[in-house]
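Chemist:
Residue numbers (our numbering): 400 to 626.
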């Protein structure tokens, strides 16, 4: 029995695109990592850059395994590729379930990460500067407890009396940790959509890999029988 060329090359091009996307993710992530524009506060609460680097490396390795396994008709590589995709799919599913069920714990985890920067008076100047930039952008004051995190309160906390979040002292009353968590919630739908698209791609990759794996096995059995 011959190997289906259509499935073989579909799997090859699927993994080629997979590998290229991994290269792009890795390149962009490294650039952001070494960039001097990174904010220490958001890096600590949302350590997404390191996660993106890891994802980029994993995707590159999987893409390479899938490409080689498909074009060389190597059952070992295809099996490793299938198992890896299955593990990632299970982890993605588990992360989605935990994220939905343990939403409060995720919020508490973010706050715990940010509490390490308090009291702000003990932090280096660069941390304070990063927080002030964040305050001006998100219209918040302080990190975890609000304006009381600062001594004295900086100008970036000042607000107009017309602002709904402005307290009697003319500063924002909402801490920045609340704003960061709110941003996470607003973008959750986008994250879920991306995760769903990745899950669909993983399923297609596993199906193509297993079909090709079985066809190569049948081809080998037929060759041995004829010999």
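Every residue, glycine too, gets a C-beta built ideally from N, C-alpha and C.
Three or more beta-carbon pairs under 8 Å between the stretch 545 to 555 and the stretch 590 to 603, yes or no?
Modeler: Contact between the stretch 545 to 555 and the stretch 590 to 603 is absent, because fewer than three Cβ pairs lie under 8 Å.
Chemist: Could one say the Cβ of residue 538 lies closer than 7 Å to chain D's Cβ atoms, at least one of them?
Modeler: Absent from the structure: chain D. Only one protein chain is present.
Chemist: My assumption, with CB atoms under 8 Å, is that residue 558 sits in contact with residue 570. Please give the rounded CB distance.
Modeler: Residue 558 to residue 570, Cβ: 6 Å. Contact.
Chemist: When DSSP labels each residue in this structure, what does residue 558 get in the three-state scheme?
Modeler: The answer is coil: DSSP assigns residue 558 none of H, G, I, E or B.
Chemist: If you measure from the CB of residue 554, is any heavy atom of the ligand ADP nearer than 6 Å?
Modeler: With respect to the ligand ADP, the structure shown offers nothing to examine, as it has no ligands at all.
Chemist: Can you give the Cα-Cα distance for residue 613 and residue 404, rounded to whole angstroms?
Modeler: The straight-line gap from Cα to Cα measures roughly 14 Å.
Chemist: Taking a contact to mean a Cβ-Cβ separation below 7 Å, would you say residue 469 touches residue 411 in this structure?
Modeler: The answer is yes: Cβ separation under 7 Å.
Chemist: Considering residue 529, what are the terminal residues of the alpha helix (DSSP H) in which it resides?
Modeler: Segment 524 to 537, the alpha helix (DSSP H) holding residue 529.
Chemist: Have a look at 406, 541, 461 and 585 and flag the residue whose alpha-carbon is nearest the alpha-carbon of residue 513.
Modeler: Nearest C-alpha to residue 513: 541.
Chemist: Roughly how many angstroms separate the alpha carbons of residue 454 and residue 425, rounded to a whole number?
Modeler: One C-alpha to the other measures close to 8 Å.
Chemist: Please state the DSSP three-state secondary structure of residue 570.
Modeler: If DSSP states are grouped into helix, strand and coil, residue 570 belongs with the strands.
Chemist: Does the Cβ of residue 585 have 16 or more other Cβ atoms within 10 Å, making it buried, or fewer, making it exposed?
Modeler: Classification of residue 585: exposed, given that the 10 Å Cβ count is below 16.
Chemist: For the alpha helix (DSSP H) that residue 582 lies in, which residues bound it at each end?
Modeler: Unbroken alpha helix (DSSP H) run through residue 582: 575 to 585.
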